[in-house]
Amino acid sequence: MRKYKPVELPLKGVPRQFQQQHATCPNCQDRHAGVIGRLGLRLVFRCEQCRVRFHRPTVSVQLL
13 MRKYKPVELP LKGVPRQFQQ QHATCPNCQD RHAGVIGRLG LRLVFRCEQC RVRFHRPTVS
73 VQLL
């Protein structure tokens with residue numbers, strides 16, 4: 013049983029040109045993690061294998 017309830021991220025919609033973006037999962041190194049939303053200007057990804065939610069490092073965010 014979990015001690016704490018998982019945190020729900022207040023995600024917003026993603027513009028169409030970024031919906032097909034993929035990133036490498038930092039946990040399992042899967043390269044097919046897809047965009048599920050954005051948190052501010054950061055794209056948030058979710059890995060389908062290990063179900064981790066993550067965002068890219070801030071260096072690539074500056075390109076947006």
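Going by the working numbering, the first residue of the sequence shown is number 13, and it counts up by one from there.
Glycine is no exception: its CB is placed at the ideal position from the N, C-alpha and C atoms.
Fair warning: this is a prediction, and the values are worked out from it, not measured in the lab.
Mark residue i as exposed unless 16 or more other C-beta atoms lie within 10 angstroms of its C-beta, in which case mark it buried.
i: His-67; result: buried
i: Leu-53; result: exposed
Once you ignore the five residues that flank residue i on each side, which residues in its own chain have a CB closer than 7 Å to its CB?
i: Pro-38; result: Phe-66
i: Gln-31; result: Val-47
i: Gln-33; result: Val-47, Leu-55
i: Arg-50; result: Leu-23, Lys-24, Val-26, Val-56
Apart from the five residues on each side of it in sequence, which residues of its chain come closer than 6 Å, Cβ to Cβ, to residue i?
i: Ala-35; result: Ala-45, Phe-57, Arg-68
With distances taken Cα to Cα, identify the nearest neighbour of residue i among the options.
i: Arg-43; options: Gly-25, Val-64, Arg-28; result: Val-64
Please go through the same chain and pick out, in chain order, the residues whose beta-carbon is closer than 8 Å to the beta-carbon of residue i, but skip the five residues on each side of it.
i: Cys-40; result: Cys-59, Gln-61, Cys-62, Val-64
### Secondary structure, alpha helix (DSSP H): runs of 4+ residues fully inside the region 19-75
70-73
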